[in-house]
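Engineer: Taken in order, the sequence shown gives residues 2 to 581; the numbers are from the numbering used here. Could you have a look at this structure, given as structure tokens, before my questions?
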Amino acid sequence: IMGEASLGLISSKLTLEGPLINDKTSFIISGRRTYIDILAAPFIRLFSGGGKGGDKEDGGGSSSGNNVRAGYYFYDLNAKVNHQFSEKSRLFLSTYLGNDKAYSRLKDNYQLENTDYQDESDANLRWGNITTAVRYNRILNKKLFANVTGTYSRYKFLLGSEYHSTITPPDTAATEEFNGFDYTSGIDDWGVKIDLDYIPLPNHYIRFGVGETYHTFTPGVNTYQLQSSEANVDTTFGSSKVFAHELYAYVEDDIKFGNRFKINPGLHFSTFLVQDSSYLNLQPRLAMNYLLTESLAIKASYARSAQYLHLLTNATIGLPTDLWVPVTDTIPAVTADQVALGLAYTYNNKYEFSVEGYYKRMANLIEYKDGASFFGSSQDWQTLVEVGDGRAYGVEFFVQKKIGQTSGWIGYTLSWTDRQFDNLNFGEPFPYKFDRRHDVSLALVHELDKKLGQKQWQLDLGLIWVYGTGNAISLPISSYRALNADVDEFNKRGSFLNEIDNYESRNDFREPSYHRLDVSATFTNTNAELHKIWNISVYNVYNRKNPFYLFIDYNSQNQRVLKQISLFPIIPAVSYTLKF
């Protein structure tokens, strides 16, 4: 049995592999768990100012300050078993399990007019996947190879929030109120497919196949709880499940003309059967690559695609909630046409340069209607969205040094993506939430060989820097009080409960840009029987407070202000890996 074990401050992992039956059956299993949330907690508390006392002008009251806790972690497990029946046939069983969780907690204790207030709010965002596949492959003859695969996958998403408040007036018993809300959605898929590779001639490589997937969509279930001296509510409501069949077939061919020209034509057919409707789509593709010289190549492509899942994102601030919802008998499939043209140049087999431009048109996209949200709504989700079009275009630059003591690459993308809906933003185009004008990534590795005592160590120094324009979001430019509000509806901060936000246009503000610098030093013992690796790293060297999400709160002067939750400050880490 072979293996690899790694223990670190941020994460740990273990991998084992070996035979179950000699020359017949083998396995590999790998698990990983991060605990960066535990390590980052004191830094988040320190840099947010949480837990520090102090006075503030707030109607003659005082505050003990905010206590902020936020974090993120994930764990995953991979396993695979491989059995060989003969030289021509094998069976594979593989599975993956992974879960991610991000959370934040805000506590606030303050006093107004001799009354003590204690507020605590929690927000949780969890998502996870399970995938399992059984694959049988067989060499049918010297020119034909087949794979038959059965699959199961499950995706779950949960967004939860809780709010607990305690009000203690002077000489009076305290009153408590609890509000809890959960939103869950998910997708379960069962599938089977047959894929064949056929090589009739040395300059042809043909791939074709058919498949079907049975989908069960749970677009959204809301659970709401309220406990107070005046009411006790516990209810569940939401959209109904949607069941669908997706069938597809495809064929494509890699064709070579000499040593300079290669094309890849293909045709994909799919149909989606849902409720009382069926959607048919033909999706042609063509990619070409031509060597102008031994070092310079030009490439071009066109692809038409259809997608039977829609991505819904919240346009306003708050927790990032990217939800997947299905095509239905009233919501059509997304279709897209994309063209791309690029050049790639290799210098001295050491440096690579490439530039590629692309343009994409999309139809039948969906967005929330103004003021609409799945969360807390008893309406069917299809009544809360609009259908429209979109486009994305840009240019990508890439430079890489592949060999030598110092290697690395730098990439830069300049891009635009927008949406247009007749009933949103007065019919005018607006930036998509993930419209990222500038995206930069830089990675460098420098290798050193050092002899320490009788042992030979290889030292790799690494540096990674990333930058991205902030997401486009909608922010209110003003707010006003509802006409039916009266003085009895004031909340504890002095604002009307029925305050209404006024938005000028959609996605007309930007979150702060995202950027950070990571550095690392990796020591590898190349001579030892047991391969040993030490890694020392610093994540987010200059302690950039990148936004996880934004929210509107009140400052000490009872003014509405925009605040930010950040997850990962500067984090030093050490890990030790042993290969055996």
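Backbone N, C-alpha and C fix where the C-beta goes; we use that ideal spot for every residue, glycine too. What you are looking at is a predicted structure, and each value in this text was computed from that prediction instead of being measured.
Considering only the alpha carbon of each residue, which of ALA134, PRO171 and LEU159 lies closest to GLY192?
Structural biologist: Translated into positions along the sequence shown, residue 192 becomes position 191. Of the candidates ALA134, PRO171 and LEU159, the one whose C-alpha sits nearest the C-alpha of GLY192 is ALA134.
Engineer: Report all residues from its chain with a CB closer than 6 Å to the CB of ARG438; omit the five preceding and five following residues, and keep chain order.
Structural biologist: As a working note, residue 438 is residue 437 in the sequence shown. Contacts found: THR470.
Engineer: Enumerate in chain order the residues of its own chain whose CB-to-CB distance from LEU297 is below 6 Å, with the five nearest sequence positions on each side excluded.
Structural biologist: For the purposes of this step, residue 297 is identified with residue 296 of the sequence shown, where counting begins at 1. Excluding positions up to five away in sequence, the list reads TYR346.
Engineer: What does DSSP give as the partner residue(s) for LYS242 in the beta ladder?
Structural biologist: As a first step, residue 242 is located in the sequence shown; it is residue number 241 there, counting from the start. In the DSSP output, where bridge partners are listed per residue, LYS242 has none listed.
Engineer: Under a three-way DSSP split, which group does ILE385 fall into?
Structural biologist: Taking the first residue of the sequence shown as 1, we reach residue 385 at position 384. This sequence places Leu at residue 385; Ile is not what is there. Reduced to three states, the DSSP call for LEU385 is helix.
Engineer: Where does GLY428 fall in DSSP's three states?
Structural biologist: Within the sequence shown, the letter at position 427 stands for residue 428. Helix at GLY428.
Engineer: So for TYR515, helix, strand or coil by DSSP?
Structural biologist: On the sequence shown, residue 515 is found 514 positions in, with the first residue counted as 1. Three-state DSSP puts TYR515 in a strand.
Engineer: Using the DSSP secondary-structure output, state which residues sit across from SER416 in a beta bridge.
Structural biologist: The residue given as residue 416 occupies position 415 in the sequence shown. Per DSSP, GLY395.
Engineer: Please report the Cβ distance between THR132 and LYS194, rounded to the nearest whole angstrom; I am assuming they are in contact, meaning their Cβ atoms lie under 8 Å.
Structural biologist: For this step, residue 132 is matched to residue 131 along the sequence shown. For this step, residue 194 is matched to residue 193 along the sequence shown. At roughly 14 Å, the Cβ-Cβ gap does not stay under 8 Å, so THR132 and LYS194 are not in contact.
Engineer: Spatial neighbours of ASP183 within its chain, please: C-beta separation below 6 Å, excluding the five flanking residues on both sides.
Structural biologist: On the sequence shown, position 182 is the one that residue 183 refers to. Cβ neighbours of ASP183 beyond the five flanking positions: GLY161 and THR224.
Engineer: Locate the beta strand (DSSP E) running through LEU344, then write down its first and last residues.
Structural biologist: Along the sequence shown, read from residue 1 onward, the residue named residue 344 stands at position 343. Unbroken beta strand (DSSP E) run through LEU344: 335-348.
Engineer: Taking the runs of the beta strand (DSSP E) that are 3 residues or longer, which of them lie wholly in the stretch 4-45?
Structural biologist: Runs found: 12-22 and 26-35.
Engineer: With 8 Å set as the bound, which would you pick, yes or no: does the beta-carbon of HIS165 sit closer than that to a beta-carbon of chain B?
Structural biologist: Absence of chain B from the displayed structure is noted, only one protein chain being present.
Engineer: Could you pull out every residue in the same chain whose Cβ sits closer than 8 Å to the Cβ of TYR352, ignoring the five residues on either side in sequence?
Structural biologist: Position 351 of the sequence shown, counted from the first residue, corresponds to residue 352. The answer, listed in chain order, is VAL400, GLN401, LYS402 and LYS403.
Engineer: Just to confirm before moving on: does the CB-CB distance between ASN544 and TYR515 stay below 8 Å?
Structural biologist: On the sequence shown, residue 544 is found 543 positions in, with the first residue counted as 1. On the sequence shown, residue 515 is found 514 positions in, with the first residue counted as 1. Contact flag unset, no.
Engineer: Span of the beta strand (DSSP E) holding ILE131?
Structural biologist: Sequence index remark: in the sequence shown, residue 131 carries index 130 (1-based). Start and end: 116-140.
Engineer: Near HIS311, what residues of its chain come up, given a Cβ to Cβ distance below 6 Å and the 5 sequence neighbours on each side ignored?
Structural biologist: What you label residue 311 is simply residue 310 of the sequence shown in a count that begins at 1. Counting only Cβ-Cβ distances below 6 Å, and skipping sequence neighbours, we find VAL326 and ILE367.
Engineer: Measuring alpha carbon to alpha carbon, tell me which of GLY428, ASN426, TYR359 and ASN424 ends up nearest GLU397.
Structural biologist: Counting from 1 along the sequence shown, the entry for residue 397 is found at position 396. Among GLY428, ASN426, TYR359 and ASN424, the Cα nearest to that of GLU397 is on TYR359.
Engineer: Can you tell me whether DSSP reads GLY259 as helix, strand or coil?
Structural biologist: Numbered from its first residue, the sequence shown carries residue 259 at position 258. GLY259: coil per DSSP, three-state reduction.
Engineer: Which partner residues of THR407 appear in the DSSP bridge assignment?
Structural biologist: Locating residue 407 in the sequence shown gives position 406, where the first residue counts as 1. Beta-bridge pairing links THR407 to HIS447.
Engineer: By the 10 Å Cβ neighbour count, where 16 or more other Cβ atoms means buried, how is PHE262 classified, buried or exposed?
Structural biologist: In the sequence shown, the residue the question calls residue 262 occupies position 261. Burial call: exposed.
Engineer: Cβ atoms of LEU248 and SER271: under 8 Å apart, would you say?
Structural biologist: Position 270 of the sequence shown, counting from 1, holds the residue named residue 271. Position 247 of the sequence shown, counting from 1, holds the residue named residue 248. Their beta carbons are under 8 Å apart, which means SER271 touches LEU248 by this criterion.
Engineer: In the DSSP assignment, find the unbroken beta strand (DSSP E) run with ALA304 in it and report its ends.
Structural biologist: As a first step, residue 304 is located in the sequence shown; it is residue number 303 there, counting from the start. Counting along the chain, the beta strand (DSSP E) containing ALA304 begins and ends at 297-308.
Engineer: Give the DSSP bridge partners of LYS434, in chain order.
Structural biologist: Here residue 434 refers to the residue found at position 433 when the sequence shown is read from its first residue. Answer is none; LYS434 lacks a bridge partner.
Engineer: For GLY358, does the three-state DSSP call read helix, strand or coil?
Structural biologist: Position 357 of the sequence shown, counting from 1, holds the residue named residue 358. Looking at GLY358 - three-state DSSP - the assignment turns out to be strand.
Engineer: Is the stretch 458-470 close to the stretch 516-526, with three or more CB pairs under 8 Å?
Structural biologist: Yes: the two stretches touch, three or more of their Cβ pairs being nearer than 8 Å.
Engineer: Taking DSSP as the reference, what is the three-state secondary structure of SER229?
Structural biologist: Start at 1 with the first residue of the sequence shown, and residue 229 comes out as number 228. Note: SER229 maps to coil in three-state DSSP.
Engineer: Determine, using beta-carbon pairs with one atom in the stretch 172-182 and one in the stretch 212-219, whether at least three such pairs fall under 8 Å.
Structural biologist: Contact between the stretch 172-182 and the stretch 212-219 is absent, because fewer than three Cβ pairs lie under 8 Å.
Engineer: Have a look at LYS144, THR26, LEU283 and SER475 and flag the residue whose alpha-carbon is nearest the alpha-carbon of SER306.
Structural biologist: Sequence index remark: in the sequence shown, residue 306 carries index 305 (1-based). Considering only alpha carbons, the answer is LEU283.
Engineer: Note down, in chain order, each residue of its chain lying with its Cβ closer than 6 Å to the Cβ of ILE1, except the 5 sequence neighbours on either side.
Structural biologist: A query on residue 1 cannot be resolved here, the shown segment of the chain reaching from 2 to 581 and no further.
Engineer: Compute the beta-carbon to beta-carbon distance between ASN180 and LEU227, rounded to the nearest angstrom, for a pair I have assumed lies under 8 Å.
Structural biologist: Locating residue 180 in the sequence shown gives position 179, counting from the first residue. Locating residue 227 in the sequence shown gives position 226, counting from the first residue. Right, the Cβ-Cβ distance comes to about 6 Å (below 8 Å), so this counts as a contact.
Engineer: When you compare only the Cα positions, how much space is there between ALA42 and ALA364?
Structural biologist: The count along the sequence shown starts at 1 and reaches residue 42 at position 41. The count along the sequence shown starts at 1 and reaches residue 364 at position 363. Those two C-alpha atoms are separated by around 44 Å.
Engineer: Which word fits VAL488, buried or exposed, when buried means at least 16 other C-beta atoms lie within 10 angstroms of its C-beta?
Structural biologist: Counted from its first residue, the sequence shown places residue 488 at position 487. A caution first: VAL488 carries a pLDDT of 45, below 50, which makes its placement in the model too unreliable to give a value.
Engineer: So, helix, strand or coil for SER506, using DSSP?
Structural biologist: Here residue 506 is taken as the residue at index 505 of the sequence shown, counted from 1. Coil, per DSSP.
Engineer: List the residues that DSSP assigns as beta-bridge partners of GLU163.
Structural biologist: Translated into the one-based positions of the sequence shown, residue 163 becomes position 162. Per DSSP, ASP123 and GLY181.
Engineer: Taking just the CA atoms, how far does GLU295 sit from ASN260?
Structural biologist: Locating residue 260 in the sequence shown gives position 259, counting from the first residue. Locating residue 295 in the sequence shown gives position 294, counting from the first residue. Distance between the alpha carbons of ASN260 and GLU295 is about 10 Å.
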